[in-house]
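Per my numbering, numbering of the sequence shown is gapless, rising by one per residue and ending at 162. These notes concern the structure reproduced below.
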Amino acid sequence: MAIREIIILPDKQLRLVSKPVEKVTTEIRKLADDMFETMYDAPGIGLAAIQVAQPLRLITMDLAKKDENGETKPKPRVFINPEIISSSEEMSIYEEGCLSIPEYYEEVERPARVRIRYTDLDGKVHEEDADGLFATCIQHEIDHLNGVLFVDYLSKLKRDRVMKKFAKAAKRAAG
Ligand code: NI
């Protein structure tokens, strides 16, 4: 396993539409392993392959909560070619962040529940209902596969402000 570099705003690759994974190969498994290592190291709860510059429809996630002893048992999950097949009319608001937009958090409103279809690492197709944080997180990550970022849901004023901030930081870093 290896930690890969997470690309950040304003990297244009974040706007790419990722391609379906045709077959779960050794390379795909290796990519998922690396994504987990990268995500845990960051640390984050979800990562889309495009965030490590791989335009493939692959997501890693771990929403494990601390138990009563304050310990967290990892609950790694992989979603290949995930799709939302239905969404609730009811909405919910969560404060979201993104490893590609570090240290920036804003509230985003999304459907409170979604039904998803995805393939696992064994190539099996599943359907599952998501609610709560899981619903928000899977919608955020599937957006990445379509080149959409959570800041796209903010007011133009807020979005322009954060885009400018990251563009400036990139310029500074480039000297
Ligand atoms: Ni993100």
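Idealized CB from N, CA, C, for every residue including glycine.
Is it buried or exposed for residue i, if we count other Cβ within 10 angstroms and need 16 for buried?
i, result
"R(-12)", "A small correction: the amino acid at residue -12 is Met; Arg does not occupy that position in the sequence shown. It counts as exposed."
"R97", "buried"
"L136", "buried"
"Y92", "exposed"
"E94", "exposed"
"I15", "buried"
"I72", "exposed"
"P7", "exposed"
"A160", "exposed"
"P61", "exposed"
"P30", "exposed"
"M78", "exposed"
"V112", "exposed"
"T47", "buried"
"L144", "exposed"
"T25", "buried"
"S142", "exposed"
"T12", "exposed"
I need the boundaries of the beta strand (DSSP E) containing residue i, first residue and last residue.
i, result
"A117", "112 to 118"
"T25", "Note, T25: premise wrong, no beta strand (DSSP E); alpha helix (DSSP H) at 13 to 28."
"N68", "64 to 74"
"L(-11)", "Checking the sequence shown, residue -11 turns out to be Ala, not Leu. First-last for A(-11): undefined, no H or E at that position."
"A35", "33 to 35"
"T47", "45 to 48"
Name the one or two DSSP bridge partners that residue i has.
i, result
"S79", "R97"
"R171", "With the chain covering -12 to 162 only, the question about residue 171 has no answer from this structure."
"T123", "Paired residue(s): none; T123 is not in a bridge."
"I(-6)", "Note: I(-6) sits in no beta bridge, so no partner."
"I88", "C85"
"K(-1)", "BP columns for K(-1) are empty, so no partner."
"K6", "L43"
In the DSSP assignment, find the alpha helix (DSSP H) that holds residue i and state where it starts and stops.
i, result
"F153", "143 to 161"
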